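If you count the sequence shown from 1, position 125 lands on 125 in our numbering, and the numbers rise without skipping.
Okay, so here's the structure we're looking at.
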Amino acid sequence: MSVNVSLTQFTTFSTKINTGAKIAYVRKDIKNATDYHPAFDYWKALRDEIKRIHEHGLPIENLRYLVDLNQVDEKKLVNYRQAINTYIRFVNKHNVEYFQVGKSFWSLRGELHINTSPELGLIVDGQKYYVKNYYKKRNAVNKIDKRNIKSTLTLMQLSEKDFTADQSAKYAVLNFQNGKLIESGPIVSEDVLELETDAEFLLHIWNQV
1 MSVNVSLTQF TTFSTKINTG AKIAYVRKDI KNATDYHPAF DYWKALRDEI
51 KRIHEHGLPI ENLRYLVDLN QVDEKKLVNY RQAINTYIRF VNKHNVEYFQ
101 VGKSFWSLRG ELHINTSPEL GLIVDGQKYY VKNYYKKRNA VNKIDKRNIK
151 STLTLMQLSE KDFTADQSAK YAVLNFQNGK LIESGPIVSE DVLELETDAE
201 FLLHIWNQV
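Printed below as a string of C-alpha coordinates:
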(Lines of atoms letter the chains of each structure in order from A; the text may use other names.)
(Lines give C-alpha, C1' and ligand atoms only; values in the text may rest on other atoms or scores of the structure.)
Protein backbone atom coordinates (compact mmCIF):
# COMPACT_ATOMS: atom_id res chain seq x y z
CA MET A 1 0.00 0.00 0.00
CA SER A 2 1.39 3.38 -1.02
CA VAL A 3 1.31 6.32 1.39
CA ASN A 4 -0.13 9.33 -0.43
CA VAL A 5 0.98 12.78 0.70
CA SER A 6 0.30 16.26 -0.63
CA LEU A 7 3.05 18.78 -1.29
CA THR A 8 1.74 20.94 1.56
CA GLN A 9 1.89 17.98 3.95
CA PHE A 10 5.45 17.12 2.94
CA THR A 11 6.54 20.75 3.26
CA THR A 12 4.95 21.06 6.69
CA PHE A 13 6.58 17.79 7.81
CA SER A 14 10.05 18.64 6.53
CA THR A 15 10.02 22.10 8.14
CA LYS A 16 9.14 20.84 11.62
CA ILE A 17 11.98 21.84 13.91
CA ASN A 18 12.16 18.66 16.02
CA THR A 19 11.48 14.94 15.83
CA GLY A 20 8.60 15.01 18.31
CA ALA A 21 6.75 17.55 16.21
CA LYS A 22 7.29 15.44 13.09
CA ILE A 23 5.95 12.31 14.78
CA ALA A 24 2.88 14.16 16.07
CA TYR A 25 2.23 15.66 12.65
CA VAL A 26 2.43 12.34 10.79
CA ARG A 27 0.19 10.64 13.35
CA LYS A 28 -2.51 13.31 13.46
CA ASP A 29 -2.41 15.18 10.15
CA ILE A 30 -1.26 12.55 7.67
CA LYS A 31 -1.95 8.98 8.82
CA ASN A 32 -5.12 9.71 10.78
CA ALA A 33 -6.34 12.69 8.78
CA THR A 34 -9.91 12.58 7.54
CA ASP A 35 -10.40 11.87 3.86
CA TYR A 36 -10.07 14.94 1.68
CA HIS A 37 -13.22 16.94 1.03
CA PRO A 38 -13.28 20.43 -0.51
CA ALA A 39 -15.52 21.68 2.29
CA PHE A 40 -12.76 21.03 4.83
CA ASP A 41 -9.92 22.44 2.70
CA TYR A 42 -9.13 25.61 4.64
CA TRP A 43 -7.37 27.52 1.85
CA LYS A 44 -9.21 26.14 -1.18
CA ALA A 45 -11.27 29.29 -1.82
CA LEU A 46 -8.13 31.45 -1.86
CA ARG A 47 -6.14 29.05 -4.04
CA ASP A 48 -8.96 28.86 -6.55
CA GLU A 49 -9.50 32.62 -6.60
CA ILE A 50 -5.82 33.44 -7.07
CA LYS A 51 -5.70 31.10 -10.06
CA ARG A 52 -8.98 32.41 -11.50
CA ILE A 53 -7.84 36.03 -11.25
CA HIS A 54 -4.54 35.26 -12.98
CA GLU A 55 -6.19 33.16 -15.70
CA HIS A 56 -8.63 35.95 -16.56
CA GLY A 57 -6.13 38.80 -16.24
CA LEU A 58 -8.16 40.52 -13.53
CA PRO A 59 -6.78 43.09 -11.07
CA ILE A 60 -5.11 41.29 -8.19
CA GLU A 61 -6.98 43.56 -5.78
CA ASN A 62 -10.13 41.61 -6.69
CA LEU A 63 -8.91 39.00 -4.21
CA ARG A 64 -10.31 41.21 -1.47
CA TYR A 65 -13.85 40.42 -2.64
CA LEU A 66 -13.45 37.02 -0.96
CA VAL A 67 -13.59 38.68 2.45
CA ASP A 68 -15.39 41.92 1.61
CA LEU A 69 -18.37 40.04 0.15
CA ASN A 70 -18.37 37.38 2.88
CA GLN A 71 -17.50 34.52 0.52
CA VAL A 72 -15.56 32.65 3.22
CA ASP A 73 -16.49 31.44 6.68
CA GLU A 74 -16.41 34.14 9.34
CA LYS A 75 -13.87 32.14 11.36
CA LYS A 76 -11.42 32.35 8.45
CA LEU A 77 -11.72 36.08 7.81
CA VAL A 78 -8.67 37.24 9.78
CA ASN A 79 -6.33 34.64 8.28
CA TYR A 80 -7.75 35.10 4.79
CA ARG A 81 -7.40 38.86 4.98
CA GLN A 82 -3.76 38.58 6.04
CA ALA A 83 -2.96 36.07 3.28
CA ILE A 84 -4.76 38.14 0.64
CA ASN A 85 -2.89 41.29 1.63
CA THR A 86 0.40 39.37 1.52
CA TYR A 87 -0.24 38.13 -2.01
CA ILE A 88 -1.43 41.51 -3.27
CA ARG A 89 1.73 43.15 -1.89
CA PHE A 90 3.88 40.50 -3.55
CA VAL A 91 2.25 40.96 -6.96
CA ASN A 92 2.30 44.75 -6.76
CA LYS A 93 5.96 44.75 -5.72
CA HIS A 94 7.00 42.85 -8.85
CA ASN A 95 6.18 42.57 -12.53
CA VAL A 96 4.16 39.35 -12.47
CA GLU A 97 2.75 37.36 -15.40
CA TYR A 98 0.87 34.07 -15.22
CA PHE A 99 1.21 30.89 -17.28
CA GLN A 100 -0.48 27.52 -16.97
CA VAL A 101 1.30 24.47 -15.59
CA GLY A 102 0.52 20.77 -15.52
CA LYS A 103 0.72 18.03 -12.92
CA SER A 104 3.66 16.25 -11.36
CA PHE A 105 4.48 13.63 -8.73
CA TRP A 106 7.42 12.02 -6.95
CA SER A 107 7.62 8.50 -5.60
CA LEU A 108 9.94 6.69 -3.20
CA ARG A 109 10.16 3.04 -4.31
CA GLY A 110 6.41 3.07 -4.91
CA GLU A 111 5.89 3.19 -1.12
CA LEU A 112 5.51 6.95 -0.75
CA HIS A 113 3.70 8.98 -3.40
CA ILE A 114 3.77 12.78 -3.22
CA ASN A 115 1.63 15.03 -5.40
CA THR A 116 4.08 17.77 -6.33
CA SER A 117 2.10 19.73 -8.91
CA PRO A 118 3.03 23.43 -8.95
CA GLU A 119 0.18 25.65 -7.84
CA LEU A 120 1.00 28.45 -10.26
CA GLY A 121 3.23 29.31 -13.15
CA LEU A 122 4.54 32.84 -12.63
CA ILE A 123 7.03 35.02 -14.47
CA VAL A 124 8.37 37.38 -11.82
CA ASP A 125 10.50 40.27 -13.06
CA GLY A 126 11.35 38.25 -16.17
CA GLN A 127 12.22 34.98 -14.42
CA LYS A 128 9.94 31.99 -14.92
CA TYR A 129 8.94 30.04 -11.79
CA TYR A 130 6.93 26.95 -10.97
CA VAL A 131 5.41 28.03 -7.68
CA LYS A 132 4.02 26.36 -4.58
CA ASN A 133 2.14 28.76 -2.31
CA TYR A 134 2.58 27.93 1.38
CA TYR A 135 -0.31 29.49 3.27
CA LYS A 136 0.04 28.09 6.77
CA LYS A 137 0.41 30.57 9.62
CA ARG A 138 3.60 31.00 11.59
CA ASN A 139 3.88 28.69 14.60
CA ALA A 140 6.41 27.56 17.18
CA VAL A 141 7.31 24.21 15.61
CA ASN A 142 7.69 25.09 11.92
CA LYS A 143 10.43 27.20 10.41
CA ILE A 144 10.10 28.25 6.79
CA ASP A 145 13.43 29.41 5.40
CA LYS A 146 15.83 28.64 2.55
CA ARG A 147 17.52 25.79 4.42
CA ASN A 148 14.39 24.07 5.72
CA ILE A 149 12.48 24.37 2.46
CA LYS A 150 15.27 22.82 0.39
CA SER A 151 13.74 19.32 0.37
CA THR A 152 10.52 20.70 -1.07
CA LEU A 153 12.36 22.55 -3.83
CA THR A 154 14.43 19.47 -4.69
CA LEU A 155 11.26 17.38 -4.69
CA MET A 156 9.60 19.71 -7.19
CA GLN A 157 12.68 19.71 -9.42
CA LEU A 158 13.04 15.92 -9.53
CA SER A 159 9.35 15.12 -10.00
CA GLU A 160 7.86 13.28 -12.95
CA LYS A 161 5.85 15.81 -14.97
CA ASP A 162 3.07 15.63 -17.53
CA PHE A 163 4.35 18.86 -19.05
CA THR A 164 7.63 19.93 -20.59
CA ALA A 165 9.44 22.03 -18.01
CA ASP A 166 11.32 25.09 -19.21
CA GLN A 167 14.97 24.41 -18.40
CA SER A 168 15.55 28.08 -17.62
CA ALA A 169 12.73 28.12 -15.06
CA LYS A 170 13.20 27.88 -11.31
CA TYR A 171 11.06 26.22 -8.67
CA ALA A 172 9.92 28.28 -5.74
CA VAL A 173 7.83 28.38 -2.58
CA LEU A 174 6.00 31.61 -1.82
CA ASN A 175 5.96 31.88 1.97
CA PHE A 176 2.76 33.65 2.99
CA GLN A 177 4.19 34.23 6.47
CA ASN A 178 6.41 37.00 5.12
CA GLY A 179 5.63 37.30 1.40
CA LYS A 180 9.07 36.05 0.33
CA LEU A 181 9.70 33.84 -2.68
CA ILE A 182 12.21 31.11 -1.81
CA GLU A 183 13.69 29.81 -5.04
CA SER A 184 15.63 26.74 -6.07
CA GLY A 185 19.24 26.60 -7.08
CA PRO A 186 21.17 23.94 -9.01
CA ILE A 187 20.72 20.49 -7.44
CA VAL A 188 23.75 18.94 -5.75
CA SER A 189 24.09 15.44 -4.29
CA GLU A 190 23.50 16.68 -0.74
CA ASP A 191 20.10 18.06 -1.78
CA VAL A 192 19.01 14.66 -3.08
CA LEU A 193 20.28 12.97 0.08
CA GLU A 194 18.35 15.44 2.24
CA LEU A 195 15.14 14.85 0.27
CA GLU A 196 15.47 11.08 0.44
CA THR A 197 16.26 11.25 4.17
CA ASP A 198 13.16 13.34 4.86
CA ALA A 199 11.01 11.01 2.75
CA GLU A 200 12.41 7.88 4.40
CA PHE A 201 11.83 9.38 7.85
CA LEU A 202 8.23 10.28 7.03
CA LEU A 203 7.63 6.74 5.79
CA HIS A 204 9.32 5.25 8.86
CA ILE A 205 7.14 7.29 11.22
CA TRP A 206 4.01 6.33 9.26
CA ASN A 207 4.87 2.64 9.67
CA GLN A 208 5.50 3.02 13.41
CA VAL A 209 2.59 5.13 14.66
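Backbone N, C-alpha and C define an ideal beta-carbon position, used for all residues, glycine too.
As the structure is a computational prediction, the values presented were derived from the model and not from experiment.
- In the DSSP assignment, the residues bridged to F105 are N115, E160.
- With respect to the 9 Å criterion, V173 and V209 are not classified as neighbours on the basis of their beta carbons.
- Between I144 and L155, the alpha-carbon positions lie close to 16 Å from each other.
- Cα atoms of F90 and V96: separation of roughly 9 Å, rounded to the nearest angstrom.
- Counting only runs of 4 or more residues that sit fully inside the stretch 114-195, the alpha helix (DSSP H) segments are 150-158, in chain order.
- Around the CB of N92, fewer than 16 other CB atoms lie within 10 Å, so the residue is classed as exposed.
- In this structure, N175 lies away from I17, with their beta-carbon atoms at least 9 Å apart.
- Here the stretch 108-127 makes no contact with the stretch 72-87; the two share fewer than three CB pairs at distances below 8 Å.
- Within the same chain, Cβ atoms closer than 7 Å to the Cβ of E49 are found at L63, L66, the five residues on either side in sequence being excluded.
- Burial of K150 is indicated by the presence of at least 16 other C-beta atoms within 10 angstroms of its C-beta.
- Going by C-alpha positions, H94 is about 41 Å away from S2.
- In this structure L202 is buried. Its beta-carbon is surrounded by 16 or more other beta-carbon atoms within 10 angstroms.
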